[in-house]
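Everything below concerns the one structure shown next.
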Amino acid sequence: MSTFEDIIVDREGAVLTITINRPEAGNKLRVQTCLELVDAIRMLRLDPSLRAAVLTGSGDKFFCIGGEHDETTSVDPSQVIPIVDVYQAIDTVPKPVIAAVNGFAVGGGNVLANVCDLTIASENAVFRQVGPMVGSFDAGYGTWYLEDSIGRKRAKELWYINRKYTAEQALGLGLVNEVVPAGEAVARAVEVGTEIASRSPIAIGALKSAFSARHNGVSGQARLAHDQYLTLYLQTREAHEVSTAFNERRAPDPDQFWQ
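The sequence shown maps to residues 3 to 261 in my numbering.
Structure below.
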């Protein structure tokens, strides 16, 4: 596995585990963290032996409490945290990413957990959206996908009122899929990932692309069509015959179609 500064990457069978390793900072995301997370998701995409990933935070107190912003009024564009790149990488990789929330999931950390395909929470997990309290907001993945998960009124409640929610409350809202005893979220997430890994990877990839396409316009449709349908089509005898005929400067043989 590659060596990173802000994250730890490991694997168990077909499941890649990605751990944000900044516990002294609440596992906050900085520019370096985001770049490394995108690289880790790229590893998941490119390795055919990997079928799923688990995303978690180091320690037993924090999953991730958002982004680490410079408190100056003049913002260097190169230092703006590229968190949307992380959300997009998770959302578009044709393999499931499971959040193992082992503590506080706050602000961008709450969005991060929700953007993942599934969320397993330890009983000590706490979920909170704090954007308006700290002069921030997420008017994209953090709103649209939250509305999908818990409904419009509840999503507005999280963003406008900024309450804390326990793991059990989050389960009741639909923010998480399952609650497990403290310290067991990662193990359970790996177990779920291993179970998914036994399913058809083409079917899982197509389903994920279909779920993502609705909110991603032409790029979402393109990914569904290119990454899934075109990939399958190129393996057919029809595609082979048409391509071969073109290269041989002849008409394709229709008898080779639909095989």
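We put the CB at the ideal spot given by N, CA and C, even for glycine.
Checklist line | Burial state of residue 154 (16 or more Cβ within 10 Å) | finding: Within the sequence shown, the letter at position 152 stands for residue 154. Classification for residue 154: exposed.
Notebook entry, point to check: Expressed to the nearest angstrom, what Euclidean distance is found between the alpha-carbon atoms of residue 240 and residue 49?
Noted result: Here residue 240 refers to the residue found at position 238 when the sequence shown is read from its first residue. Here residue 49 refers to the residue found at position 47 when the sequence shown is read from its first residue. Cα to Cα, the separation comes out at about 28 Å.
Check: Buried or exposed: residue 166, going by 16 or more other Cβ atoms within 10 Å of its Cβ?
Finding: What you label residue 166 is simply residue 164 of the sequence shown in a count that begins at 1. Around the beta-carbon of residue 166, fewer than 16 other beta-carbon atoms lie within 10 Å, marking it exposed.
Margin query: Taking 7 Å as the limit between beta carbons, can you name the residues of its chain near residue 217, skipping five residues before and five after?
Written below: Numbered from its first residue, the sequence shown carries residue 217 at position 215. Around residue 217: 146.
Next item on the list: Return the chain-ordered ranges of every alpha helix (DSSP H) run that is complete within the region 187–213 and spans a minimum of 4 residues.
Entry: Qualifying alpha helix (DSSP H) stretches, in chain order: 187–199.
Margin query: Please return the same chain residues whose Cβ sits closer than 8 Å to the Cβ of residue 259, not counting the five positions on each side in sequence.
Written below: Walking along the sequence shown from the start, residue 259 turns up at place 257. Annotation for residue 259: 239, 240 and 243 place their beta carbon closer than 8 Å to its own, counting only its chain and skipping 5 residues before and after.
Next item on the list: Assign residue 236 to one of two classes, buried (16 or more other C-beta atoms within 10 Å of its C-beta) or exposed (fewer than that).
Entry: Numbered from 1 along the sequence shown, position 234 holds the residue referred to as residue 236. So residue 236 ends up on the exposed side.
Next item on the list: Hey, could you find the ends of the beta strand (DSSP E) residue 177 is sitting in?
Entry: Translated into positions along the sequence shown, residue 177 becomes position 175. Element bounds for residue 177: n/a, residue is neither H nor E.
Next item on the list: Would you grab the beta carbon distance between residue 100 and residue 191 for me? Rounded to a whole angstrom, and I think it's under 8 Å.
Entry: On the sequence shown, residue 100 is found 98 positions in, with the first residue counted as 1. On the sequence shown, residue 191 is found 189 positions in, with the first residue counted as 1. Under the criterion of beta carbons closer than 8 Å, residue 100 and residue 191 qualify as touching, at roughly 4 Å.
Notebook entry, point to check: Which of the three DSSP states, helix, strand or coil, is assigned to residue 238?
Noted result: Residue numbering aside, residue 238 sits at position 236 when the sequence shown is read from its first letter. Residue 238: coil per DSSP, three-state reduction.
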